[in-house]
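A short write-up of the structure that comes next.
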Amino acid sequence: MRTNDGDTDGMSGADAPDPAATPSPDREVLARSRWQELRSLLLDPERRRLRAVEEKIEDPGLYADAVSRVLPEAISRRGVKDRELTTALGPVVGEAIKVSIRKNPQPLVEAIFPIMGPAIRRAIATALSELTQSLNTALEYSLTPRGVAWRIEAVRTGKSFGEVVLRHSLVYRVEQLFVIHPETGLLIDHVSAPGVQPLSPDMVAGMLTAIVDFARDSFHVSQSEGLDSLELGELTVWIERGPLATLACVIRGHAPLSYRQTMQGAVEELHSVHAPDIAQSAASGHSFAVRPGILEPCLVVKRQERGGSGSWRLAALVVTVLLGIGWFAATRILDGRRFDRYVGALRDEPGIVVANAERAGGRLILTGLRDPIARDPVAMLEANGLDTTRVSAHWEPYLALRPDFIARRAAAALQPPPEVQVAMRSDTLVLGGVAPAWWRARAIELAATLAGVSAVDAGSLRDSIDVALTTIADRLNDVVITFGPAQTSPDAVGEPRLDSLARSVRLLSRGAAINGRQVMTRVYGSADSVGTREFNAILRLARARTIRSRLVAAGLDPRTVTTAADSGRVARRASVVITVHRSPTP
Amino acid sequence: METLHRKICLLGAMAVGKTSLVRRFVEGMFSERYQATIGVKIDRKTVVSGNRQVNLVIWDLQGDDDIERVRASYLRGVSGLLIVADGTRPDTLQTASQIRADADRSVGRVPTLLLLNKCDLQDTWHVDDRGATPDWNGLHTLRTSARTGENVEEAFSALVGRILTA
Numbered sequence: 072m073r074t075n076d077g078d079t080d081g082m083s084g085a086d087a088p089d090p091a092a093t094p095s096p097d098r099e100v101l102a103r104s105r106w107q108e109l110r111s112l113l114l115d116p117e118r119r120r121l122r123a124v125e126e127k128i129e130d131p132g133l134y135a136d137a138v139s140r141v142l143p144e145a146i147s148r149r150g151v152k153d154r155e156l157t158t159a160l161g162p163v164v165g166e167a168i169k170v171s172i173r174k175n176p177q178p179l180v181e182a183i184f185p186i187m188g189p190a191i192r193r194a195i196a197t198a199l200s201e202l203t204q205s206l207n208t209a210l211e212y213s214l215t216p217r218g219v220a221w222r223i224e225a226v227r228t229g230k231s232f233g234e235v236v237l238r239h240s241l242v243y244r245v246e247q248l249f250v251i252h253p254e255t256g257l258l259i260d261h262v263s264a265p266g267v268q269p270l271s272p273d274m275v276a277g278m279l280t281a282i283v284d285f286a287r288d289s290f291h292v293s294q295s296e297g298l299d300s301l302e303l304g305e306l307t308v309w310i311e312r313g314p315l316a317t318l319a320c321v322i323r324g325h326a327p328l329s330y331r332q333t334m335q336g337a338v339e340e341l342h343s344v345h346a347p348d349i350a351q352s353a354a355s356g357h358s359f360a361v362r363p364g365i366l367e368p369c370l371v372v373k374r375q376e377r378g379g380s381g382s383w384r385l386a387a388l389v390v391t392v393l394l395g396i397g398w399f400a401a402t403r404i405l406d407g408r409r410f411d412r413y414v415g416a417l418r419d420e421p422g423i424v425v426a427n428a429e430r431a432g433g434r435l436i437l438t439g440l441r442d443p444i445a446r447d448p449v450a451m452l453e454a455n456g457l458d459t460t461r462v463s464a465h466w467e468p469y470l471a472l473r474p475d476f477i478a479r480r481a482a483a484a485l486q487p488p489p490e491v492q493v494a495m496r497s498d499t500l501v502l503g504g505v506a507p508a509w510w511r512a513r514a515i516e517l518a519a520t521l522a523g524v525s526a527v528d529a530g531s532l533r534d535s536i537d538v539a540l541t542t543i544a545d546r547l548n549d550v551v552i553t554f555g556p557a558q559t560s561p562d563a564v565g566e567p568r569l570d571s572l573a574r575s576v577r578l579l580s581r582g583a584a585i586n587g588r589q590v591m592t593r594v595y596g597s598a599d600s601v602g603t604r605e606f607n608a609i610l611r612l613a614r615a616r617t618i619r620s621r622l623v624a625a626g627l628d629p630r631t632v633t634t635a636a637d638s639g640r641v642a643r644r645a646s647v648v649i650t651v652h653r654s655p656t657p
Numbered sequence: 012m013e014t015l016h017r018k019i020c021l022l023g024a025m026a027v028g029k030t031s032l033v034r035r036f037v038e039g040m041f042s043e044r045y046q047a048t049i050g051v052k053i054d055r056k057t058v059v060s061g062n063r064q065v066n067l068v069i070w071d072l073q074g075d076d077d078i079e080r081v082r083a084s085y086l087r088g089v090s091g092l093l094i095v096a097d098g099t100r101p102d103t104l105q106t107a108s109q110i111r112a113d114a115d116r117s118v119g120r121v122p123t124l125l126l127l128n129k130c131d132l133q134d135t136w137h138v139d140d141r142g143a144t145p146d147w148n149g150l151h152t153l154r155t156s157a158r159t160g161e162n163v164e165e166a167f168s169a170l171v172g173r174i175l176t177a
C-alpha cells in the first residue's frame, strides 16, 4: 500500500539518491540511515493505526459495520435529547414507506391488517351512528313549525338540514359520572351534577357492571367489547371502558358523539394518573380520591344556543295560548250567562212566549210568540249586554189574553179621553173617570167586540156634562149671602153676592137645559140666636123667600126654585143647594 | 375510620332464601311471598368491623344448580361468598357443595360461609347431624333464619371478619 507521505518517506528516500549531496557522502548516508531508522521506530505504530482508520473509512463495508455498532445507541440518545432526529428522519422514512409501498404493498398490508378491521369498523359505526342520530332528529323536527324554520335556515345558510337540526337540538346534561372497577363492579368514584339526587351509587355501579357482564356473556363477545350505551327514556348511559376502570356517564338528552372523545380522554387520563391506585384499590378494597380535574370535564351541561329566547318565546306562546283559551272560555261563559239572563227576562216578560232558545256559532237563536203590544225584545238586548249581532229571533205574533193586555188593547182601540181609566176585572172591561156621553156610548159598543172582553162595566164612568154642571153648582153652593140683624134683605156684602149668584144660576140653568139637564135650586135661610125662636123661624123662611124671589126675578123657572129654613145653622145668612138632574123626557 | 369496599355474592339452589337473607340483613324485613331472582340483584350495606368501615356491595345471584349457568362473570372480583342451602331440603346442600366447587374453579378460594337457612322450620328440618356440623366440607356453617333474623347479622359479620383477615 502506498502512502501520501512524500516528503519524509524513509523508504522512498532510501531508494532515490540525494542530488544535493555533501562532499563527504558516506557520513551523510550513514546519518540519514540512522535518522530513518529512528523515525520508523517512533512513528510506525501510529502510521499503522492511521492506515487502518483510513481503510475503514474508505471501505464502505467496514465503515457500515462500524456505524451499525453505535447507530441504535446513537438514535436512542439523540431521541432523548431532542426531536432533531425525528424531524430529520420524518421525510426520509415517509418517502421510504411510499417507495416501499409502491414497490410492494403486500408487507405493509399484512402489517397493518390486524388494526385495520377494528379501526374501519369503529369509523363506520361512528359515521352511521351520527347519520342515524341526524336522521332521527331531522325526522322528528321536519314536520313542526320549528322544523320549517330550520329548513328555511338551512336553505339560507347553505347547510344541510341535518346540520341545522343538530346545531339547534343538541341539548344535553351529564348528570352523573360513575368510575367503576370493571372486575368487581365496585365504585371507585362518583360525581353528580348540582341538583341531582343520586340513589346509592354503589348499587348502580354494581348493577351496571352486572348488566354489561350479562350482555357480554349472553352474546359471547370478547372481553374488550361490551355495552357502549343504555337508553332509559330521556336518560342515556354511555359507557367507556378502560383496562382498569370503566367510566359510565348518565346523560339527560342527546349528547353529541364528540362527547365520547371527552369520555375517552378522561378514561385515558384516569389510567395515566391513577393506574397504580386503581390496581391497589381493587386488591385492598381501599378507595382513593380521583384527582380533581380529571372527571369534571365530563360533567357537561349543554344548553340550546338560543335556549333562553326559545324558552321565552315558548313561554310567551303558552301564555298567549292560555290567555286566548281563557278569553275564549270567559267569553263563552259570559255569553252563556248573558244569553241565559236575556232568555230568562224574555220568559218573564208579559206577552212573550219563548218556544226555543239555542246557541250556535256564538249566536243565540230564538223562536217564540210575541203579542204586538208586548215589550220589544230588541230593546231588551242592551240591558242584558247583548246586541243584535249576537241574537237572531223569530217571533210569531199572537194575542195575549192577560187582563192588562186586554185593557191595553181596549185603550188602544177606544182611544179614551185622558180622564178615562180602562181596566179589566175578570173578563169585564171596567171604564172609569169622566167622558162625554157620545164616547161612552161608542166605547161600550166597541168594547164588546174586543178579544177577551165579555162584558163592559161603565157604571163608574161619569158624564162629562154632569161633571161640569155639578162642578159649577158646587162652586155656587159655597156662596154665602149675609143679612143684617133681623133683616130679610141682604146686607151690603150679601147684595152683590146675590146678584152674582142669580146671574150664575141663570146661566147654569140655561147651559143645563141645552144639554138635557135640569137645575134644581133649594134656598136655605138661617138666623142668628138673637130673638125668639118663633121670630127666628119666620126670619129664616123670609130670608129664603127673598133670595128665591130674586132668583126667579133673574129669570129662573119658579118651579125649579124651592125654599127651606136651615135651623141647624146659627148665622144671619142664606145659601143655595143646586143639583143637576136629567131632564124628564118630553 | 378506614373505609373499605368489598363485593360479596350469595349463591345457592333455587328458593333457599338468598334474597330473603339479603333483605333481612339490609332492610330488616321479611316477606313470605316468594319471588324468584332473575339474573342478579344488587344491594349495599355498610358494616363496621373493628375500626374499619366496610361498604358491602351484595350481589344476590339467581338461584341455580349450576354455577356455569349462574354466569361466572358475576363472581369476578368477589371478596367473599355466602353459599346458602335450605335445611328443610337436603338436596340443596348437595347443590351447595357443587356450587362451592364450581366457584373455587371460577374465582379461586375466597372467604366463604355455608348458611343452612330456614332454621325456624324445625319440624321439617331434614339435614342430618353430619350435614349440619359446624364445619361442613371444610366450610364454616351457620344455621340462619331470614324469617326470624336468627344468625343473619352474625353470618354477614362473620364473612366480613374472614374477608378482613384473609
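One line per chain: the protein sequences are A and B, in this order.
The letter at position 586 of the first sequence is residue 657 when you use my numbering, and the numbering goes up by one with no holes.
The letter at position 81 of the second sequence is residue 92 when you use my numbering, and the numbering goes up by one with no holes.
We put the beta carbon where it would ideally sit given N, CA and C, even for glycine.
Partners in chain A for B/Gly74, counting only beta-carbon separations shorter than 7 Å: Taking a Cβ-Cβ cut-off of 7 Å, B/Gly74 has no neighbours in chain A, whose nearest Cβ is about 16 Å from it.
Exposed or buried, which one is B/Leu22 when buried takes at least 16 other CB atoms within 10 Å? With 16 or more other Cβ atoms from the protein chains shown falling within 10 Å of its own Cβ, B/Leu22 counts as buried.
Looking only at its own chain, which residues have a Cβ that is under 6 Å from the Cβ of A/Arg533, when we skip the five neighbours before and after it? Val505
Between which two residues does the beta strand (DSSP E) harbouring B/Ala96 extend? Gly91 to Asp97
Considering only residues of the stretch 293 to 363 of chain A, which uninterrupted alpha helix (DSSP H) runs meet the minimum length of 4 residues and lie entirely inside it, listed in chain order? With a minimum length of 4 residues, the continuous alpha helix (DSSP H) runs that stay inside the stretch 293 to 363 of chain A are 329 to 355.
Just to confirm, are A/Ile618 and A/Asn548 a CB contact at a threshold of 8 Å? No, the pair does not count as a contact, with Cβ atoms beyond the cut-off.
Chain B beta carbons: is any one of them nearer than 8 Å to that of A/His261? It does not; no Cβ of chain B falls within 8 Å.
Contiguous alpha helix (DSSP H) assignments of at least 4 residues, all confined to the stretch 598 to 645 of chain A: 604 to 625
Along chain B, which residues have their Cβ under 7 Å away from the Cβ of A/Met278? Ile53
Measuring straight from C-alpha to C-alpha, what distance separates A/Arg120 and A/Gly132? 18 Å
Give me the subset of the stretch 86 to 107 of chain B whose CB atoms are less than 9 Å from a CB atom of chain A, sorted by chain position. Arg87, Gly88, Val89 and Ser90
Distance CB(A/Leu517)-CB(A/Leu470) smaller than 8 Å: no
Could you check what DSSP says for A/Ile649 in three-state terms: helix, strand or coil? The answer is strand: DSSP assigns A/Ile649 an E or B state.
Around the Cβ of A/Val427, are there at least 16 other Cβ atoms within 10 angstroms (buried) or fewer (exposed)? It is Asn, not Val, that sits at residue 427 of chain A in the sequence shown. By the 10 Å Cβ count, A/Asn427 comes out exposed.
Could one say the Cβ of B/Ala177 lies closer than 8 Å to chain A's Cβ atoms, at least one of them? no
Run of the alpha helix (DSSP H) containing A/Gly277, from where it starts to where it stops: Pro272 to Ser289
Contact list for the stretch 351 to 363 of chain A against chain B, Cβ threshold 9 Å: Ser352, Ala353, Ser355, Gly356, His357 and Ser358
Stretch pair the stretch 49 to 65 of chain B + the stretch 615 to 632 of chain A: three plus CB contacts closer than 8 Å: no
A/Gly379: buried (16+ other C-beta within 10 angstroms of its C-beta) or exposed? Residue placement at A/Gly379 is poorly supported in this model, since its pLDDT is 47, which falls under 50; the coordinates are not used for a value here.
Inter-residue CB distance, B/Gly91 and B/Val121 (contact presumed, cutoff 8 Å): 6 Å
What would DSSP say about B/Phe41, mapped onto helix, strand or coil? coil
Please state whether DSSP places A/Asn455 in a helix, a strand or coil. helix
Helix, strand or coil, according to DSSP, for A/Glu126 in the structure here? helix
Continuous beta strand (DSSP E) stretch holding A/Pro143: start and end: That residue, A/Pro143, is in no beta strand (DSSP E); its alpha helix (DSSP H) goes Pro131 to Lys152.
Boundaries of the beta strand (DSSP E) in which B/Gln64 is found, first to last residue: Taken as a continuous stretch (DSSP letters only), the beta strand (DSSP E) holding B/Gln64 covers Arg63 to Leu72.
Looking at A/Pro507 and A/Ser531, is the spacing between their C-beta atoms short of 8 Å? no
Whole angstroms is fine: what's the gap from A/Leu456's alpha carbon to A/Pro327's? The amino acid occupying residue 456 of chain A in the given sequence is Gly; Leu does not appear at that position. Going from the Cα of A/Gly456 to the Cα of A/Pro327 covers about 60 Å.
Beta-carbon proximity of B/Ala157 to B/Val163, cut-off 8 Å: yes
Roughly how many whole angstroms lie between the Cα atoms of A/His342 and A/Ile251? 12 Å
Of all Cβ atoms in chain A, is any one closer than 8 Å to the Cβ of B/Gly23? no
Please report the straight-line C-alpha distance between A/Met72 and A/Asp115, rounded to a whole angstrom. Residue placement at A/Met72 cannot be trusted, given a pLDDT of 39 that sits under 50; the coordinates are not used to answer.
Cβ contact (3+ pairs, closer than 8 Å) linking the stretch 14 to 30 of chain B and the stretch 564 to 584 of chain A: no
In chain A, which residues lie with their C-beta within 9 Å of the C-beta of B/Val68? Thr255, Gly256, Leu257, Leu258, Asp273, Met274, Ala276 and Gly277, listed in chain order.
Can you have a look at A/Arg311 and say buried or exposed, based on whether 16 or more other CB atoms are within 10 angstroms of its CB? Reading off the sequence, residue 311 of chain A comes out as Glu, not Arg. When all chains shown are included, A/Glu311 counts as buried.
Report the rounded CA-to-CA distance for A/Arg418 versus A/Ala400, giving the unit in angstroms. 26 Å
What did DSSP end up calling B/Gly29 once you bin it into helix, strand or coil? The question names Gly, but residue 29 of chain B in the sequence shown is Lys. Three-state result, B/Lys29: helix.
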